[in-house]
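Protein chains: 6
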Amino acid sequence: MSKPQPIDEAHASPEVRAVFDDIKALRNVEDVNNFWKYLARDPVGLKRTWESVKQVMSPGALSPLVKEMIYVAVSVTNNCDYCIASHTAAARKAGMTDAMFAELMGVIGMANETNRLANGYRVPIDPAFE
Amino acid sequence: MSKPQPIDEAHASPEVRAVFDDIKALRNVEDVNNFWKYLARDPVGLKRTWESVKQVMSPGALSPLVKEMIYVAVSVTNNCDYCIASHTAAARKAGMTDAMFAELMGVIGMANETNRLANGYRVPIDPAFE
Amino acid sequence: MSKPQPIDEAHASPEVRAVFDDIKALRNVEDVNNFWKYLARDPVGLKRTWESVKQVMSPGALSPLVKEMIYVAVSVTNNCDYCIASHTAAARKAGMTDAMFAELMGVIGMANETNRLANGYRVPIDPAFE
Amino acid sequence: MSKPQPIDEAHASPEVRAVFDDIKALRNVEDVNNFWKYLARDPVGLKRTWESVKQVMSPGALSPLVKEMIYVAVSVTNNCDYCIASHTAAARKAGMTDAMFAELMGVIGMANETNRLANGYRVPIDPAFE
Amino acid sequence: MSKPQPIDEAHASPEVRAVFDDIKALRNVEDVNNFWKYLARDPVGLKRTWESVKQVMSPGALSPLVKEMIYVAVSVTNNCDYCIASHTAAARKAGMTDAMFAELMGVIGMANETNRLANGYRVPIDPAFE
Amino acid sequence: MSKPQPIDEAHASPEVRAVFDDIKALRNVEDVNNFWKYLARDPVGLKRTWESVKQVMSPGALSPLVKEMIYVAVSVTNNCDYCIASHTAAARKAGMTDAMFAELMGVIGMANETNRLANGYRVPIDPAFE
Numbered sequence: 003m004s005k006p007q008p009i010d011e012a013h014a015s016p017e018v019r020a021v022f023d024d025i026k027a028l029r030n031v032e033d034v035n036n037f038w039k040y041l042a043r044d045p046v047g048l049k050r051t052w053e054s055v056k057q058v059m060s061p062g063a064l065s066p067l068v069k070e071m072i073y074v075a076v077s078v079t080n081n082c083d084y085c086i087a088s089h090t091a092a093a094r095k096a097g098m099t100d101a102m103f104a105e106l107m108g109v110i111g112m113a114n115e116t117n118r119l120a121n122g123y124r125v126p127i128d129p130a131f132e
Numbered sequence: 003m004s005k006p007q008p009i010d011e012a013h014a015s016p017e018v019r020a021v022f023d024d025i026k027a028l029r030n031v032e033d034v035n036n037f038w039k040y041l042a043r044d045p046v047g048l049k050r051t052w053e054s055v056k057q058v059m060s061p062g063a064l065s066p067l068v069k070e071m072i073y074v075a076v077s078v079t080n081n082c083d084y085c086i087a088s089h090t091a092a093a094r095k096a097g098m099t100d101a102m103f104a105e106l107m108g109v110i111g112m113a114n115e116t117n118r119l120a121n122g123y124r125v126p127i128d129p130a131f132e
Numbered sequence: 003m004s005k006p007q008p009i010d011e012a013h014a015s016p017e018v019r020a021v022f023d024d025i026k027a028l029r030n031v032e033d034v035n036n037f038w039k040y041l042a043r044d045p046v047g048l049k050r051t052w053e054s055v056k057q058v059m060s061p062g063a064l065s066p067l068v069k070e071m072i073y074v075a076v077s078v079t080n081n082c083d084y085c086i087a088s089h090t091a092a093a094r095k096a097g098m099t100d101a102m103f104a105e106l107m108g109v110i111g112m113a114n115e116t117n118r119l120a121n122g123y124r125v126p127i128d129p130a131f132e
Numbered sequence: 003m004s005k006p007q008p009i010d011e012a013h014a015s016p017e018v019r020a021v022f023d024d025i026k027a028l029r030n031v032e033d034v035n036n037f038w039k040y041l042a043r044d045p046v047g048l049k050r051t052w053e054s055v056k057q058v059m060s061p062g063a064l065s066p067l068v069k070e071m072i073y074v075a076v077s078v079t080n081n082c083d084y085c086i087a088s089h090t091a092a093a094r095k096a097g098m099t100d101a102m103f104a105e106l107m108g109v110i111g112m113a114n115e116t117n118r119l120a121n122g123y124r125v126p127i128d129p130a131f132e
Numbered sequence: 003m004s005k006p007q008p009i010d011e012a013h014a015s016p017e018v019r020a021v022f023d024d025i026k027a028l029r030n031v032e033d034v035n036n037f038w039k040y041l042a043r044d045p046v047g048l049k050r051t052w053e054s055v056k057q058v059m060s061p062g063a064l065s066p067l068v069k070e071m072i073y074v075a076v077s078v079t080n081n082c083d084y085c086i087a088s089h090t091a092a093a094r095k096a097g098m099t100d101a102m103f104a105e106l107m108g109v110i111g112m113a114n115e116t117n118r119l120a121n122g123y124r125v126p127i128d129p130a131f132e
Numbered sequence: 003m004s005k006p007q008p009i010d011e012a013h014a015s016p017e018v019r020a021v022f023d024d025i026k027a028l029r030n031v032e033d034v035n036n037f038w039k040y041l042a043r044d045p046v047g048l049k050r051t052w053e054s055v056k057q058v059m060s061p062g063a064l065s066p067l068v069k070e071m072i073y074v075a076v077s078v079t080n081n082c083d084y085c086i087a088s089h090t091a092a093a094r095k096a097g098m099t100d101a102m103f104a105e106l107m108g109v110i111g112m113a114n115e116t117n118r119l120a121n122g123y124r125v126p127i128d129p130a131f132e
C-alpha cells in the first residue's frame, strides 16, 4: 500500500509520543494535528521538524500572529490546501481578525501579480537595492 | 527588438507622468523605481497596477511593515529577484530590523519545507479546520 | 461541458488502443492509469507523451527506482496530487522502502527550505560553481 | 567541472548536427539558440525534445502566435529568465505587437493574483464546472 | 471558525450587490461564481478585483478566447483547481474547441518541461534576446 | 543598506565559527560556501539549518548521490540558481556522471510536463492509489 498512513497516540512509540506530548503541552491542545500524525512514520524527521518549527515560530522580534500570517502567505502562494487550512486557523487563534485576513489576502494577491509583471517586463534591479 | 524598455520621466506622456507624480508624492521619493518605468509601456496597466498597490499597501488593519514582510514572503517563495530586492528595501524603510529579517527568513523557509511535507505525506485536512 | 472526460479501452480508437496496449505490455498491468485515459482525448499528444515517458523512464545510468523518486520530488514540489499518488505507487513498486520514502521526504523538504533561504538572502553563486 | 557546457556546430556529432540542421531549416535561421547547444550534451534528449517541440508548436487549431504567447505565460509564471527572453522574441517574430504584449502581461498578472485569492479563500468549485 | 464563508446575493450589502449586478449584466448570467461570493467578505477587495478583471479581460488587441486560454495556462502551471475549472469553462464559452484545448495543454506541458531544462542546464540568454 | 551581507570566517563569532568548522570538517573543505556565510547573519538559524541539513543529507537508506540528485530536482523545479549550481556540483562530487546528469534532467523535465497535464485534464486519482 503506497498511501502514507497516520500514527495516532495509542500506537505511537515512546519517542513519537514524547514529541506529541511536547506539542500538546506547548500549544495547550488535547490532540495533535494530522500533520504530525503522518510525519510520525519518520520519528527522526518528526522530531527534527517539530524542534525547528518550535524554534522558528516562538515569539521573538516578530509576534506569533505576524509569523502565522507569513506562514499563510507562503502556503497560499504554494497552494498547499492543508497548510492554508491549518495556518489560517492558527492565525485566527493568534488574533487575526476578519479585516486582517482580508488585507492579508489582498497583499498576497497583489504580490503574486507584480512578481510576474517584474518577470515578464524583465525589470533590472535598481542600483539603490544592490 | 523584443526586450522591454523603460520609459523615464523626461519621455513620459501626461498620463504616465501623473502616475509617476502620485508615486513620488505618496512615497516622498525623487524618482520612481524601475518597475514603474517598465510598466509605463502600458499606461492603462500602469495606472491600474499603481491604484491597486496604493490601496492594498496603505495602512489598515495591518501595518505597512507587516504588509511589506508579507510581500517579501511571497516574492521569496516565487523567487522574484527584483521583488525580493525592492520589497526587502521597502520593509527596511518601514522599520524591519536585522532580527526581524532573520525571523522572517526562518518562517518562510520553514513554511516552504512543511508545505511540501504535507503534500508528500498526503495529509488530509483535520475536521476542525473545515 | 467543459470538464475533460476519459476514454476507456472499449471506446478507444485503434491509435489510442495501440498506445494503451503498449503501456500494458511494458508495465505488465491489466489496465492503464486514469492519466492515460484522459490524455487519450488527444491521440497525438497521448502517443507523444507516452513515447517520451517510455524513453525517459527506461533503465539507464539511473535505475527505475531512482527515476521514480526524482519524479516524486518534482511532483511534491509542484503539489500535483495525482502525480504524487501515482509516482509514489510506482516508486513503491520499484522497491522504495518506508525508510527510503522517509528520507526522500526529508530531502525534498530541506531542499525547498534552503532554496528559499538562498533566494531571500540573495546569495551569489560561488566562483567555484561557475 | 560541474557547470554544463554548450556544444556548437563545429564540434557536434552527426546526430546532433542533424537536429541542428532541422531546427535551422524549419525556422529559417543561421544558427540555433543556446538552449539547443546546451541540450546537445544529451543527443537522445536533444532529439526527443526537438521532435516534441516541433510537433507541439506547429500551426494547428491554434496559431503560432497564440502558442508563443501561451509559452510566454507559462515561462513568466515559472520565472524562467531564459524562456521569457527567447519566447518573447519568438512571439514578436510571430506578430505580437506592443499592445498584445501589454495585454498578455496584464492577463498573466491578473491570473496569478486571482489564482492565489481562490486558494486563500478556499473557494469550492461551482457545480456547473464539474 | 477559520474557514472563509461565501456571501450570497440575498445577504449582500448594497456595495457587494452592485458588483454582483455588474458581473451578471456584463456576462449575461443569472448568478455569480463562487469566487465572487467568497471575495465578497472583503467588499473593497471585491470591487478592486472585479474592476481589474473587467479591464484586463475585455476585448482588445487580444480576443476574449485568447485571454481565457492564457488564463488557463497560468492556472494549470500554478495548479489552481478552482481556476482551471472556471477558466476552462470560460474558454469553452468563448469558443475553445476540443482541438484547441488539446493544443493548449500540449503547449503548457512542453513549456513547463523546457523551462526546467533551461534552468537545469543553466543556459545563458542569447545576445540576440538582450 | 537592505542587501544582506555575508560574514566570513575572520569576522565570525565563536558560535558561527563552530558551525563553519563543523561544515569544513565533515565535508573536508577549506572554506564554506557562500550560502553559509550569508546565513551566518542569523547564528541561531545557521545552526538549526546546518544541523538539519547534516542529518537529512547523511548516508542512510538513500546514498549521498541519490540525495544530491533529489536536491537538484527540487532546485531546478523551483528555479533556484544558487541551489542548482551548488547541488549540481555536490552531485558531481558524489559521483554523478554525464550520463546520470542527462537522465536526471530528462526525468525532471518530463515530470514537470506531466504534472501540468494531470492538472489541466483534471485527472482524478485512481482508486488503486488511495
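Residue numbers (this note's numbering), protein chains in the order written: chain A, 3 to 132; chain B, 3 to 132; chain C, 3 to 132; chain D, 3 to 132; chain E, 3 to 132; chain F, 3 to 132. C-beta atoms are modelled at their ideal positions from N, C-alpha and C, and glycine is treated no differently.
Counted as a single uninterrupted DSSP element, the alpha helix (DSSP H) harbouring residue 89 of chain F occupies residues 83-95.
In the same chain as residue 45 of chain F, and ignoring 5 residues on each side of it, the C-beta atoms closer than 6 Å to its own belong to 17, 18, in chain order. 81, 87, 90, 91: these are the residues of the region 59-92 of chain A whose beta carbon lies less than 8 Å from some beta carbon of chain E, given in chain order.
Close to chain C, meaning a Cβ-Cβ distance shorter than 9 Å, are the following residues of the region 93-113 of chain E: 93, 94, 95, 98, 100, 101, 103, 104, 105, 107, 108, 111.
By the Cβ rule, the region 61-69 of chain D does not count as touching the region 111-122 of chain D, because fewer than three pairs are nearer than 8 Å. What residue 127 of chain B touches in chain A, judged by beta-carbon distance under 7 Å, is 83, 84, 87, going in chain order. The beta carbons of residue 76 of chain A and residue 75 of chain B sit closer together than 8 Å. Listed along the chain, the chain D residues whose CB falls inside 8 Å of the CB of residue 5 of chain C are 131, 132. Counting only runs of at least 3 residues, the region 100-125 of chain E fully encloses no beta strand (DSSP E) element at all. Annotated as distal: residue 43 of chain F and residue 83 of chain B, with beta-carbon spacing of 8 Å or more. Using a CB distance cut-off of 8 Å, residue 55 of chain C counts as an interface residue toward chain F.
Short of 6 Å from the beta carbon of residue 21 of chain D, and not among the five residues preceding or following it, lie these beta carbons of its own chain, in chain order: 48, 49, 52.
Residue 132 of chain B and residue 88 of chain A have their C-alpha atoms some 10 Å from each other.
For residue 35 of chain B, no chain C residue has a C-beta closer than 7 Å to its own C-beta; the minimum C-beta separation is roughly 17 Å.
The Cβ atoms of residue 124 of chain D and residue 8 of chain E do not sit closer than 8 Å to each other. Under the Cβ distance rule, residue 124 of chain E does not count among the residues neighbouring chain B, no pair being separated by less than 8 Å. The C-alpha of residue 78 of chain E lies about 22 Å from the C-alpha of residue 92 of chain D. Annotated three-state conformation of residue 71 of chain A is helix, per DSSP.
As the crow flies, the alpha-carbon of residue 34 of chain A is around 28 Å from that of residue 104 of chain B. Residue B/122 holds the alpha-carbon nearest to the alpha-carbon of residue 86 of chain C among B/122, B/130, B/54, B/94. C-alpha of residue 96 of chain F to C-alpha of residue 90 of chain F: approximately 10 Å in a straight line. Taking the beta carbon of residue 120 of chain E as reference, the chain D residues within 7 Å of it are 37, 82, 84, 85, listed in sequence order. Residue 98 of chain E carries a coil assignment under DSSP once its states are collapsed to helix, strand and coil. Burial is judged here by how many other beta carbons sit within 10 angstroms of a residue's own beta carbon; residue 32 of chain C has fewer than 16 and is exposed. When 7 Å is used as the limit between beta carbons, residue 50 of chain B is near these residues of chain E: 54, 57, in chain order. When the Cα atoms are used, residue 55 of chain A and residue 26 of chain A turn out to be separated by approximately 14 Å.
For residue 30 of chain F, no chain C residue has a Cβ inside 7 Å of its Cβ, as the nearest lies near 15 Å away. In terms of Cα proximity to residue 94 of chain C, the closest of C/81, C/80, C/72 is C/72. Contacts with chain D at 8 Å (Cβ-Cβ) do not include residue 11 of chain A.
Residue range 45-59 is occupied by the alpha helix (DSSP H) that includes residue 50 of chain D.
Between residue 58 of chain D and residue 116 of chain E, the alpha-carbon positions lie close to 12 Å from each other. The Cβ atoms of residue 36 of chain B and residue 81 of chain F lie no closer than 8 Å to each other. Scanning chain D for C-beta atoms nearer than 9 Å to the C-beta of residue 23 of chain B yields nothing, as the closest lies near 22 Å away. When only Cα atoms are considered, residue 14 of chain A and residue 98 of chain C end up about 23 Å apart.
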